[in-house]
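Protein chains in written order, with the numbering used here: chain A, 1 to 919; chain B, 1 to 101.
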């Protein structure tokens with residue numbers, strides 16, 4: 001207790017500048033005065049009395065010092081003093097300060113921005129109550145709707161039946177909620193009832209009734225779901241996300257209770273989810289509406305909801321405290337096997353024998369469904385590594401700059417040592433300076449990080465509408481940046497501090513350099529070599545990614561994107577039954593052709609270069625089954641021309657291919673190569689899905705291999721069918737054939753048309769008010785979107801590579817300049833003895849280039865060894881080839897020459913006489 | 001010592017305390033007088049002593065220190081501690097080898 005009071009007093013004294021000092025002074029004076037009087041009374045002369053009084057009192061200064069150190073906080077005071085001194089020192093060399101702070105700001109900022117993403121994507125937790133108690137059932141990001149059997153039996157998506165069985169038999173869970181796995185790719189069309197707002201595409205996620213209770217959330221307004229909302233036959237309800245409520249409906253409270261048409265079916269919005277809640281997973285397109293699973297069959301025509309063979313739900317549960325997870329996992333696996341045993345999928349061999357393998361792996365659910373995690377993990381780790389290396393280079397280069405600065409302060413250090421400053425004191429002073437620079441760099445770095453994160457987010461998620469990752473630095477990011485700058489400060493202060501610790505007072509008395517070989521230390525050269533090595537590795541990485549991106553961009557896609565626009569629609573959401581699609585497609589063709597300037601109107605179920613794929617097994621009539629799949633697209637007459645796919649021979653899909661005529665197909669070259677022998681004429685042959693259907697489609701033509709899905713998937717077999725033709729062997733009612741729904745309209749215009757998007761929106765609305773634009777994009781940007789990640793990685797690695805090069809060269813310059821100035825005397829002597837200016841330049845350059853070459857060799861070795869870590873991210877780049885080496889090495893050598901030439905010229909300009917005189 | 005002096009003699013100023021300590025110790029303890037004041041200035045904020053201005057014997061303005069209630073308690077505690085310490089030390093000196101046998 002007393003100790004605490006003492007500390008508080010000390011702090012108070014420190015803060016108030018201690019009044020006690022004055023008191024002490026007064027007391028000392030009055031004491032000495034009294035003592036003097038006593039001595040005078042004892043018979044001494046006044047002068048002698050005063051002298052004796054002082055003598056008797058002892059050393060006044062020592063007492064004051066002692067008191068001061070006892071009553072204040074000497075450490076803090078020294079620190080403050082050091083800080084003040086450091087600020088003055090830095091102010092005296094603004095050039096150095098600016099370079100140092102900028103270097104660090106870039107290094108720390110780059111790291112902090114990458115960390116922002118890492119923090120959000122890899123480390124983030126959902127903004128829900130007690131996320132640690134959440135457990136996810138499954139460890140894979142299988143998506144959407146799966147009907148098959150996993151060979152390894154590891155289940156992560158479940159059928160509605162399986163979920164209900166698991167939920168009812170596990171009291172270990174407080175709640176076990178279910179959520180749609182593939183909502184991002186199945187947008188809904190929403191139209192507010194009784195308003196003029198047109199129907200628009202929105203993201204809806206089907207969730208169980210206990211979804212919000214699982215997360216322990218309270219509504220912003222209204223109410224959230226209860227179990228009653230998810231009962232079959234319950235009135236259709238929806239919960240709106242806070243972002244949507246605020247951005248699209250101006251936070252209007254009357255939203256609650258009003259009717260919205262979701263996929264043209266009336267739904268009552270019962271509440272708004274809390275602010276900041278972005279769903280059960282990090283997504284670039286978080287849900288705008290949460291809808292009960294029970295309403296999915298009506299709203300989304302989702303037959304899979306009640307289908308026990310269809311796995312489409314992710315499950316997340318909140319476990320009760322003290323539940324053993326391994327036991328729970330075993331129990332859940334057993335329950336799942338029971339649930340799946342009677343299901344048709346497992347009715348016969350070989351699937352039946354896979355049933356005992358069926359199991360569930362429990363994973364932490366606090367971060368929700370980690371789909372983005374898996375998607376970006378490799379890229380993020382790569383970027384973390386690269387930015388970390390850049391920071392290391394920055395620190396090394398700052399250490400070198402500080403050493404150079406140290407030359408100028410050699411005399412100062414010696415004098416201070418001679419005056420009694422301990423080495424510890426000098427080292428502390430230098431550390432204070434470095435840490436100050438580091439913290440300034442850190443502060444500037446946070447500003448850089450803010451901008452950097454915005455750029456990163458824009459690069460990584462160009463289409464994001466309401467990305468729940470924010471650029472403004474979170475506390476975690478701030479802490480990271482601060483820790484990083486402190487670490488950096490210590491790191492680059494070590495070398496100069498070591499040098500200061502070796503300072504001998506006698507040095508102050510000597511003048512000039514004392515040794516001929518005394519250039520930069522081994523440590524400094526080591527730093528430069530290390531920097532060069534790392535920056536070469538980064539340059540090689542940059543070249544590899546740029547090369548890979550170039551390959552991607554220059555792939556011949558066999559299409560034409562000029563003046564083409566892709567319009568996504570969803571007739572199913574607009575309420576069309578498959579039997580009514582014929583008239584819809586007809587009116588689309590007519591109305592869009594009526595727009596002046598529109599040359600072609602293609603309608604199809606898929607377009608080139610979008611992440612969508614329908615594929616089916618292929619059986620050629622009269623051939624053995626090769627068990628191979630082909631992708632298929634349903635198209636209208638205009639389609640091939642509208643995307644620029646060339647017909648090679650035969651004919652395309654024509655107006656004669658009506659639902660009533662023979663079902664025909666056009667195949668691509670890869671299809672011919674896969675399923676027919678060379679030289680065989682495919683036209684006229686028949687094929688279908690499986691042996692029973694082998695006569696379904698007659699091939700009438702062959703087209704080019706236009707690239708669908710992604711470039712990495714090029715030259716795969718495809719066939720194209722007429723939009724509405726169904727094979728004769730398909731006897732199911734037409735209204736259950738969801739395959740007939742077109743997804744895209746391709747518009748080819750003769751020239752760019754202004755406000756085409758609003759024009760098309762009006763036309764669609766005039767055909768049917770529930771027909772909305774899901775997405776409108778020029779064909780070119782749809783293609784560019786597919787390269788977004790690759791472009792971002794190529795740009796970022798190039799940026800970091802160039803940054804690393806710049807920093808490494810600053811380091812090289814620093815060390816060379818340092819050696820030159822240390823060797824002024826030596827160079828002077830050499831010149832006096834007859835060395836020419838050229839010899840001097842050559843000597844300095846040789847020193848610098850030896851380090852560079854050493855770094856180059858090491859760097860190339862590292863690059864060759866490390867290339868396998870990034871090979872998965874590269875496209876058609878096998879490894880480090882000559883082009884890459886040249887592209888990385890040449891700029892480095894050039895920059896190194898430049899960095900060394902400046903000090904070399906300075907060395908050559910040394911006047912021998914003056915150099916010798918200063919010796 | 002400072003506390004005891006104030007306890008015995010009542011309020012005193014700094015010089016007086018220094019003199020008194022010298023006298024009581026019979027000049028055996030030649031404490032550096034300078035060290036007295038830091039002690040006084042430290043005891044005051046701790047509440048053991050209080051100070052006020054007053055005229056000294058020869059009509060100088062001086063700060064008089066007196067023992068506060070907390071100071072009395074502190075003195076008692078210190079006294080007990082000291083007696084305990086001396087008692088223990090004394091016992092060590094009294095002990096003879098055979099006593100331990």
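No residue lacks a Cβ here, since even glycine has one placed at the ideal position from N, Cα and C.
Asked	Found
Using a threshold of 8 Å, state whether the C-beta atoms of residue 601 of chain A and residue 638 of chain A are closer than that.	yes
Could you name the residues of the region 789 to 823 of chain A whose beta carbon sits closer than 8 Å to any beta carbon of chain B, in the order they occur along the chain?	none
Output needed for residue 278 of chain A: all residues of its chain with C-beta closer than 6 Å, excluding positions within five of it in sequence on either side, in chain order.	286, 468
Drop a sphere of 10 angstroms on the beta-carbon of residue 625 of chain A, count the other beta-carbons inside from all chains shown, and report buried for 16 or more, exposed for fewer.	exposed
Indicate whether at least one CB of chain B lies closer than 8 Å to the CB of residue 52 of chain A.	no
Is the number of C-beta pairs between the region 424 to 435 of chain A and the region 85 to 92 of chain A that are closer than 8 Å three or more?	yes
Which class does residue 778 of chain A belong to by DSSP, given the choice of helix, strand or coil?	strand
Output yes if chain A places a C-beta closer than 8 Å to the C-beta of residue 15 of chain B; else output no.	yes
What do you reckon, are the CB atoms on residue 529 of chain A and residue 858 of chain A nearer than 8 Å?	yes
Assuming residue 390 of chain A and residue 803 of chain A make a contact with CB atoms under 8 Å, what is their CB distance in whole Å?	6 Å
State the CB to CB distance for the pair residue 916 of chain A and residue 829 of chain A, rounded to an integer number of angstroms; the pair is presumed to be in contact (CB under 8 Å).	7 Å
Start and end of the beta strand (DSSP E) containing residue 686 of chain A?	686 to 688
For the alpha helix (DSSP H) that residue 446 of chain A lies in, which residues bound it at each end?	423 to 460
Using a Cβ-Cβ distance under 8 Å, would residue 41 of chain B count as near chain A?	yes
Sorted by chain position, which residues of the same chain lie with C-beta nearer than 6 Å to residue 280 of chain A's C-beta, five sequence neighbours on each side aside?	179, 368, 369
Given a threshold of 16 other Cβ atoms within 10 Å of its Cβ, counted over all protein chains shown, does residue 896 of chain A qualify as buried or as exposed?	buried
Return the Cβ separation of residue 334 of chain A and residue 135 of chain A in integer angstroms, given the expectation that the two are a contact with Cβ distance under 8 Å.	That pair is no contact at about 17 Å.
Does the count of Cβ pairs from the region 347 to 360 of chain A and the region 148 to 162 of chain A closer than 8 Å reach three?	yes
Report yes if the C-beta distance between residue 746 of chain A and residue 643 of chain A is below 8 Å; otherwise report no.	yes
Just checking, does the region 448 to 458 of chain A make contact with the region 96 to 108 of chain A on the three C-beta pairs under 8 Å criterion?	yes
Do the region 182 to 194 of chain A and the region 568 to 588 of chain A meet, that is, are 3 or more Cβ pairs less than 8 Å apart?	yes
Is the number of C-beta pairs between the region 671 to 689 of chain A and the region 697 to 716 of chain A that are closer than 8 Å three or more?	yes
According to DSSP, is residue 150 of chain A helix, strand or coil?	coil
Which residues bound the alpha helix (DSSP H) around residue 903 of chain A?	882 to 908
Considering residue 317 of chain A, what are the terminal residues of the beta strand (DSSP E) in which it resides?	313 to 319
For residue 82 of chain B, count neighbouring Cβ atoms within 10 angstroms of its own Cβ and tell me buried if that reaches 16, exposed if not.	exposed
Could you give the distance in angstroms between the alpha-carbon of residue 853 of chain A and the alpha-carbon of residue 382 of chain A?	26 Å
Hey, does residue 38 of chain B have any beta-carbon neighbour from chain A nearer than 8 Å?	yes
Between the region 339 to 356 of chain A and the region 125 to 141 of chain A, can you find at least three pairs of beta-carbon atoms closer than 8 Å?	no
With distance defined between alpha-carbon atoms, name the residue in A/32, A/606, A/290, A/64 nearest to residue 49 of chain A.	A/32
Comparing alpha-carbon positions, which option in A/865, A/873, A/875, A/901 lies nearest residue 837 of chain A?	A/901
Is there contact here, the region 256 to 268 of chain A with the region 286 to 298 of chain A, by at least three beta-carbon pairs under 8 Å?	yes
Hey, out of B/92, B/62, B/85, B/48, whose CA is closest to residue 72 of chain B's CA?	B/48
Is it true that the CB of residue 379 of chain A sits closer than 8 Å to the CB of residue 563 of chain A?	no
Under a three-way DSSP split, which group does residue 833 of chain A fall into?	coil
In chain order, what residues of the same chain lie with their CB nearer than 7 Å to the CB of residue 514 of chain A, ignoring the 5 residues before and after it?	Because residue 514 of chain A carries a pLDDT of 46, less than 50, the predicted location of this residue cannot be relied on, and the following value inherits that uncertainty. So the list is empty, once near-sequence residues are dropped.
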